[in-house]
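Engineer: For what it's worth, the numbering used here labels the leading residue of the sequence shown as -1, then goes sequentially.
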Amino acid sequence: MMDELADLTAFLTVAREGGFRSAARVAGSSASRMGDAVRRLEARLGVRLLHRTTRSVTPTDAGARLLERLTPALGEVRSALDVVNDFRDRPAGRLRLNVPIAAARLVLPSIVPPFLAKYPDIRLEVIAEERLVDVVAEGYDAGIRYEERLAQDMVAVPIGPRVQRFAAAASPAYLARRGRPRHPRELLDHDCLGGRFTNGPLHAWEFERNGVTLHVDPKGPLIVGLGTTTDLAVAAAVAGTGIIYDFEDWLRPFIDRGELEPVLESWWPSFSGPVLYYPGRRHLPAPLRAFIDFVKSMRPRRG
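#1: Could you say if the stretch 226 to 244 and the stretch 113 to 120 meet the contact criterion of at least three C-beta pairs nearer than 8 Å?
#2: Who are the near neighbours of E136 in its chain, counting only those whose CB is closer than 8 Å to its CB and skipping five residues on each side?
#3: If you draw a straight line from the C-alpha of P277 to the C-alpha of V155, how long is it?
#4: Put L185 into one of helix, strand or coil per three-state DSSP.
#5: Check whether the stretch 159 to 174 touches the stretch 250 to 270, taking contact to mean three or more Cβ pairs, one atom from each stretch, closer than 8 Å.
#6: Which whole runs of the alpha helix (DSSP H) in the stretch 2 to 39 are 4 residues long or more, in chain order?
#7: Quickly, what does DSSP pair F317 with across the bridge? List them, please.
#8: Might you give, ordered along the chain, the residues of its own chain that have their beta carbon closer than 7 Å to the beta carbon of F18, omitting 5 neighbours on each side?
#9: Assess, as a yes-or-no matter, whether the stretch 168 to 187 is touched by the stretch 241 to 249 under the definition of 3 or more beta carbon pairs within less than 8 Å.
#10: Are T58 and L48 closer than 9 Å when you measure CB to CB?
#11: Tell me whether D187 is buried or exposed, calling it buried when 16 or more other Cβ atoms sit within 10 Å of its Cβ.
#12: Rank A100, L282 and I290 by C-alpha distance to the C-alpha of V134 and give the top, closest one.
#13: Quick test of your reading: D247 and L104, contact by CB under 8 Å. State the CB separation rounded to the nearest angstrom.
#14: Would the stretch 185 to 199 and the stretch 212 to 225 be scored as touching if the rule is three or more Cβ pairs under 8 Å?
#15: Can you give the beta carbon distance from A126 to L274, rounded, assuming they're within the 8 Å contact cut?
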């Protein structure tokens, strides 16, 4: 029974990750072992579950049907096994989080090290990406999001700073060469370093002051993937290529060192900080429960 469960878990991981090597990295195994597990499962069931090519691995119709039923079933099995954790002195096991790259960069560094120091038996896996995922269907215990609407069965817990700002900045050399914009509309005459989410439109820059909100469509020599290649845009801004617009917390170290200068600071808009979200209609694994309690304990206390 345990061997069958291991093979089913391997199939689920390979199908979810779209390949044997990436699945092996997630599972802490090898591609050959993952392949052997899937072949055993296919031989046992007498049906092919995965289409394999040199470039991709995708479920067959039979594999897709099995995957549809298997994902929630294995989740229930993991929840059942996790009940044993309640009898341990301290929680143990794996905790998988799916987070935006900005959260991995700006929020988690102050949380993860002390959390792991307090719970050394928990193995934390953090996957950072910009696409919106179904955390349950893709095998995550929880996720972090900014402002996006959550499904009704999700519970949200504030994590990290509760108010953040978008900021515009440029290098002293750029401002000396091109001048300093005094109003957001003047950005149309400047080199702006734009960004877009994967396969999405160019991200408009939003500014706000005294109840007035303005949107500017940036034009300039560089467009980067938001989150994924933000560091490239920051480096270009520091080098004097143009004006950058991003999370204030991402740009603040460069501003404090004098490598960038604030631009239109009185117009920087505020937005709500991120939330940790997780399914609310099932047993919480002990590692997730410990993480939620730890995050709550880090909230500033109101006097």
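C-beta atoms are modelled at their ideal positions from N, C-alpha and C, and glycine is treated no differently.
Structural biologist: According to the structure data:
#1: The stretch 226 to 244 is not in contact with the stretch 113 to 120.
#2: Taking the first residue of the sequence shown as 1, we reach residue 136 at position 138. Around E136: R14 and N96.
#3: Residue 277 sits at position 279 when you count from the first residue of the sequence shown. Residue 155 sits at position 157 when you count from the first residue of the sequence shown. Distance between the alpha carbons of P277 and V155: 12 Å.
#4: Counting from one through the sequence shown, the residue named residue 185 turns up at place 187. Correct three-state label for L185: helix.
#5: Yes, the stretch 159 to 174 is in contact with the stretch 250 to 270.
#6: Fully enclosed alpha helix (DSSP H) runs of 4 or longer: 18 to 25.
#7: Beyond the ends of the chain as shown, which are -1 and 301, falls residue 317; an answer cannot be given.
#8: Here residue 18 corresponds to residue number 20 of the sequence shown, with the count starting at 1. The beta carbon of F18 sits closer than 7 Å to the beta carbons of V12, A29, M32, G33 and V55 from its chain, once the five residues preceding and following it are set aside; these are given in chain order.
#9: Output reads yes: the stretch 168 to 187 touches the stretch 241 to 249.
#10: As a working note, residue 58 is residue 60 in the sequence shown. As a working note, residue 48 is residue 50 in the sequence shown. Closer than 9 Å, so yes.
#11: Along the sequence shown, read from residue 1 onward, the residue named residue 187 stands at position 189. Under this definition D187 is an exposed residue.
#12: Translated into the one-based positions of the sequence shown, residue 134 becomes position 136. Cα-wise, what sits closest to V134 is L282.
#13: On the sequence shown, position 249 is the one that residue 247 refers to. On the sequence shown, position 106 is the one that residue 104 refers to. So it is a contact: roughly 5 Å between Cβ atoms.
#14: Below 8 Å, enough C-beta pairs join the stretch 185 to 199 and the stretch 212 to 225 to call them touching: three or more.
#15: The residue given as residue 126 occupies position 128 in the sequence shown. The residue given as residue 274 occupies position 276 in the sequence shown. A126 to L274, Cβ: 14 Å. No contact.
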